[in-house]
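Chemist:
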Amino acid sequence: MTNKNLSLENLDEEFYQVTPEILESFPRFRLPLNLYIFKENVAQLEPYYRAEQRLTKEKREELFELSEEGLIFVARADHHIYAKHISKQLDLVLVDKNLKPSEIIEIFQIALTRRIHEFYEQPVRPTFEKLVSDISVLIEYLWEDQYRLKGLIKNLLTTYSLPNMAYNAGIIGIALFYDVQGKNLTKKHLTQIALGLFTYDLGLARLPKILLEKKQNLTPEEQNKINNHPLNGAKILRKLDITEAVTLQCHLEHHEYMDGSGYPRKLSGADISLSGAITALAHTFSEILTQNDPTPPTREILNKLSGMKNKYNPNLISSLSKIFIHDLMK
Ligand SMILES: [Fe+2]
Numbered sequence: 266m267t268n269k270n271l272s273l274e275n276l277d278e279e280f281y282q283v284t285p286e287i288l289e290s291f292p293r294f295r296l297p298l299n300l301y302i303f304k305e306n307v308a309q310l311e312p313y314y315r316a317e318q319r320l321t322k323e324k325r326e327e328l329f330e331l332s333e334e335g336l337i338f339v340a341r342a343d344h345h346i347y348a349k350h351i352s353k354q355l356d357l358v359l360v361d362k363n364l365k366p367s368e369i370i371e372i373f374q375i376a377l378t379r380r381i382h383e384f385y386e387q388p389v390r391p392t393f394e395k396l397v398s399d400i401s402v403l404i405e406y407l408w409e410d411q412y413r414l415k416g417l418i419k420n421l422l423t424t425y426s427l428p429n430m431a432y433n434a435g436i437i438g439i440a441l442f443y444d445v446q447g448k449n450l451t452k453k454h455l456t457q458i459a460l461g462l463f464t465y466d467l468g469l470a471r472l473p474k475i476l477l478e479k480k481q482n483l484t485p486e487e488q489n490k491i492n493n494h495p496l497n498g499a500k501i502l503r504k505l506d507i508t509e510a511v512t513l514q515c516h517l518e519h520h521e522y523m524d525g526s527g528y529p530r531k532l533s534g535a536d537i538s539l540s541g542a543i544t545a546l547a548h549t550f551s552e553i554l555t556q557n558d559p560t561p562p563t564r565e566i567l568n569k570l571s572g573m574k575n576k577y578n579p580n581l582i583s584s585l586s587k588i589f590i591h592d593l594m595k
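Residues in the sequence shown are numbered consecutively from 266, following this note's numbering.
#1: What does the Cβ neighbour count give for E518, buried or exposed, with the cut at 16 atoms within 10 Å?
#2: How about P495: is its Cβ closer than 7 Å to a heavy atom in ligand 1?
#3: Need the endpoints of the alpha helix (DSSP H) that V349 sits in, please.
#4: I'd like to check one pair, H516 with A499: are the Cβ atoms closer than 8 Å?
#5: Just reading off the alpha helix (DSSP H) that V389 is part of, what are its end residues?
#6: Return the chain-ordered list of same chain residues with a C-beta closer than 8 Å to the C-beta of V424, the five sequence neighbours on each side being excluded.
#7: Which residue's Cα is closest to the Cα of N578: L539, K587 and F589?
#8: Within its chain, find whatever has a CB closer than 6 Å to the CB of T549; leave out the 5 residues flanking it on each side and keep chain order.
#9: Assess contact between the segment 307-326 and the segment 376-384, defined as three or more Cβ pairs (one per stretch) separated by less than 8 Å. Is contact present?
#10: For ligand 1, is there any heavy atom lying closer than 7 Å to the beta carbon of H382?
#11: I369: buried (16+ other C-beta within 10 angstroms of its C-beta) or exposed?
#12: Between the alpha carbons of S584 and V283, how many angstroms are there, rounded?
#13: Which term fits I475, buried or exposed, when burial requires 16 or more other beta carbons within 10 angstroms of its beta carbon?
#14: In whole angstroms, what separates the C-alpha of L422 from that of E487?
#15: Could you give the uninterrupted runs of the beta strand (DSSP E) lying entirely in the segment 276-320, keeping only those of 3 residues or more?
#16: What is the DSSP secondary structure of I337, counted as helix, strand or coil?
#17: In whole angstroms, what separates the C-alpha of N363 from that of I491?
#18: Let me make sure I understand the geometry here. Which of D277, A340 and L276 has the alpha-carbon closest to that of Q299?
#19: Tell me, to the nearest whole angstrom, how far the beta carbon of L359 is from that of D399; I am working on the premise that it is less than 8 Å.
#20: Going along the chain, which unbroken runs of the alpha helix (DSSP H) with 4 or more residues stay wholly within the segment 432-500?
#21: Inspect the beta-carbon positions of N433 and S332 and report whether they are closer than 8 Å.
#22: Output needed for A348: all residues of its chain with C-beta closer than 8 Å, excluding positions within five of it in sequence on either side, in chain order.
#23: Thinking C-beta only, is I404 closer than 8 Å to L417?
#24: Shorter than 7 Å, the distance from the beta carbon of L469 to the closest heavy atom of ligand 1, or not?
#25: Ligand 1 heavy atoms versus the CB of H519: any closer than 7 Å?
#26: Based on Cα-Cα distance, which residue from D410, P388 and I537 lies nearest to A470?
#27: Do D524 and N575 have their beta-carbon atoms positioned less than 8 Å apart in this structure?
#28: Using 10 angstroms around the beta-carbon of G438, count the other beta-carbons present and answer buried if the total reaches 16, otherwise exposed.
#29: Do the CB positions of I590 and L567 come within less than 8 Å of each other?
#30: F303 to D277, Cα distance in whole Å?
#31: Could you name the residues of the same chain whose beta carbon sits closer than 6 Å to that of N497, not counting the 5 residues immediately before and after it, in chain order?
#32: Hey, quick one: how far does the alpha helix (DSSP H) through F550 stretch, first residue to last?
#33: Whose CA, out of I501, H494, D558 and T508, lies closest to the CA of Y528?
#34: Among residues of its own chain, excluding the 5 on either side of N270, which ones have a beta-carbon nearer than 8 Å to its beta-carbon?
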């Protein structure tokens, strides 16, 4: 730990205050990061606790009293440790007023992709409930201030993996849903579609890796498995007692196209639901974003999608352009 003393002006830039609620969420007697104390007599921060050292009961009590008084800080340089910790108890994001928006975005990315990964690996009730709980925290965060979506939209993930794809589709899809539904949106409805968006390729994730990596010469049986993945994902959700159409359609219709050339049901035009159409567009946007090296600029992806009005709902394409171009330019 460096013996670094700082003036008040740059304190906020380099450190943030830790509340007793956050401290409570750390392991009881061994905290994962260094802590600093604000010395009022000299108006400076000084080292107080070294990461992973054993705290005595007395020292722990003193620490909580000091943090109650607002005197305990952590370094922003340790944000990665803090982010990893808080991402496992995501609701803390809603109470921690010292985090910057960019830090909160990183925490959501870590938390949601990990939860999606765990659910894709083992789609059972415990992993599902943890994912649902984290999605609810995100919706709560956005419900407090819709403009927070912009930060999330600006920082989509650019490396390919099924959980990253689902994360991107979740954020893009929520933004589209906000734009299309406007004031008619309810929190419950938004949470239901978010649940479908953040899990839409579950059926694909359940297929053997060897099949997913095989690009050509699929046997009819293998092709059939691929074609049925939207149905299989929805089937697993139904087993977990998800019955809302708006959630299930994200799975069932994310490969359906406006011109009827998609699968598995070859739906076309107005037969494709709003949540299905949103997921299809969000999926393709995310696919172009994550599967190209170098990552194409947003404008290039939007241009590409604008040329695919036979496949994707033209109103949603316009909406997507509005979200990325106009809103972000403000
Ligand atoms: Fe898929």
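In this text, a Cβ means the ideal position worked out from N, Cα and C, and glycines have one as well.
Modeler: Straight from the coordinates:
#1: Taking the first residue of the sequence shown as position 1, residue 518 is located at position 253. E518 should be labelled buried.
#2: Residue 495 sits at position 230 when you count from the first residue of the sequence shown. Yes, ligand 1 has a heavy atom inside 7 Å of this Cβ.
#3: Your numbering for residue 349 matches position 84 in the sequence shown. The displayed chain sequence assigns Lys, not Val, to residue 349. Here the alpha helix (DSSP H) through K349 covers H344 to S352.
#4: Counted from its first residue, the sequence shown places residue 499 at position 234. Counted from its first residue, the sequence shown places residue 516 at position 251. Yes, Cβ-Cβ distance for A499 and H516 is below 8 Å.
#5: For the purposes of this step, residue 389 is identified with residue 124 of the sequence shown, where counting begins at 1. Going by DSSP, V389 is part of no alpha helix (DSSP H) at all; its letter is neither H nor E.
#6: Taking the sequence shown and counting its residues from 1, one reaches residue 424 at position 159. The amino acid at residue 424 is misidentified as Val; the sequence shows Thr. Answer for T424: T555, listed in chain order.
#7: Taking the first residue of the sequence shown as position 1, residue 578 is located at position 313. Checked all of L539, K587 and F589; the closest Cα to N578 is L539.
#8: Position 284 of the sequence shown, counted from the start, is the residue given in the question as residue 549. There are no such residues.
#9: Verdict: no, contact absent.
#10: Here the question's residue 382 lines up with position 117 in the sequence shown. No; taking the cut-off as 7 Å, the Cβ of H382 has no heavy atom of ligand 1 nearer than that.
#11: In the sequence shown, residue 369 corresponds to position 104, counting from 1. Per the 10 Å Cβ criterion, buried.
#12: Along the sequence shown, read from residue 1 onward, the residue named residue 584 stands at position 319. Along the sequence shown, read from residue 1 onward, the residue named residue 283 stands at position 18. Approximately 40 Å between the Cα atoms of the pair.
#13: In the sequence shown, the residue the question calls residue 475 occupies position 210. Under this definition I475 is an exposed residue.
#14: Taking the sequence shown and counting its residues from 1, one reaches residue 422 at position 157. Taking the sequence shown and counting its residues from 1, one reaches residue 487 at position 222. Near 30 Å, if we compare the C-alpha coordinates of E487 and L422.
#15: Restricted to the segment 276-320, the beta strand (DSSP E) segments that are unbroken, complete and at least 3 residues in length are 280-282, 300-304 and 309-314, listed in chain order.
#16: Mapped onto the sequence shown, residue 337 falls at position 72. I337 falls in the strand class under three-state DSSP.
#17: In the sequence shown, the residue the question calls residue 363 occupies position 98. In the sequence shown, the residue the question calls residue 491 occupies position 226. Their backbone Cα atoms lie some 46 Å apart in a straight line.
#18: As a first step, residue 299 must be located in the sequence shown, where it is residue number 34. Checking the displayed sequence, the identity of residue 299 turns out to be Asn instead of Gln. Here the closest residue by C-alpha is A340.
#19: On the sequence shown, position 94 is the one that residue 359 refers to. On the sequence shown, position 134 is the one that residue 399 refers to. The C-beta separation of L359 from D399 comes to about 12 Å, leaving the pair out of contact by the 8 Å criterion.
#20: 452-462, 467-470, 474-478 and 485-492
#21: Here residue 433 is taken as the residue at index 168 of the sequence shown, counted from 1. Here residue 332 is taken as the residue at index 67 of the sequence shown, counted from 1. Cβ atoms of N433 and S332: not closer than 8 Å.
#22: Reading the sequence shown from its first residue, position 83 is the one you call residue 348. Around A348: E368, E371, I372 and I375.
#23: Numbered from 1 along the sequence shown, position 152 holds the residue referred to as residue 417. Numbered from 1 along the sequence shown, position 139 holds the residue referred to as residue 404. Cβ atoms of L417 and I404: not closer than 8 Å.
#24: Mapped onto the sequence shown, residue 469 falls at position 204. Answer for L469: yes, Cβ within range of ligand 1.
#25: Within the sequence shown, the letter at position 254 stands for residue 519. Within the cutoff, so yes.
#26: The sequence position of residue 470 within the sequence shown is 205, counting from 1. That would be P388, whose Cα lies nearest to the Cα of A470.
#27: Indexing the sequence shown from 1 puts residue 575 at position 310. Indexing the sequence shown from 1 puts residue 524 at position 259. Yes, these two residues count as a Cβ contact at 8 Å.
#28: Along the sequence shown, one-based indexing puts residue 438 at 173. Answer is buried; the Cβ neighbour count reaches 16.
#29: Along the sequence shown, read from residue 1 onward, the residue named residue 590 stands at position 325. Along the sequence shown, read from residue 1 onward, the residue named residue 567 stands at position 302. A contact, by the Cβ cut-off of 8 Å.
#30: Locating residue 303 in the sequence shown gives position 38, where the first residue counts as 1. Locating residue 277 in the sequence shown gives position 12, where the first residue counts as 1. Each residue's alpha carbon lies about 12 Å from the other.
#31: As a first step, residue 497 must be located in the sequence shown, where it is residue number 232. Excluding residues within five positions, the ones whose Cβ falls inside 6 Å are G468.
#32: As a working mapping, residue 550 is identified with position 285 in the sequence shown. Taken as a continuous stretch (DSSP letters only), the alpha helix (DSSP H) holding F550 covers L539 to T555.
#33: Position 263 of the sequence shown, counted from the first residue, corresponds to residue 528. Nearest C-alpha to Y528: H494.
#34: Position 5 of the sequence shown, counted from the start, is the residue given in the question as residue 270. Because the pLDDT at N270 is just 45, under 50, the model does not fix this residue reliably, and the value given afterwards should be weighed accordingly. Closer than 8 Å at Cβ, skipping near neighbours: V307, Q309, L310 and E311.
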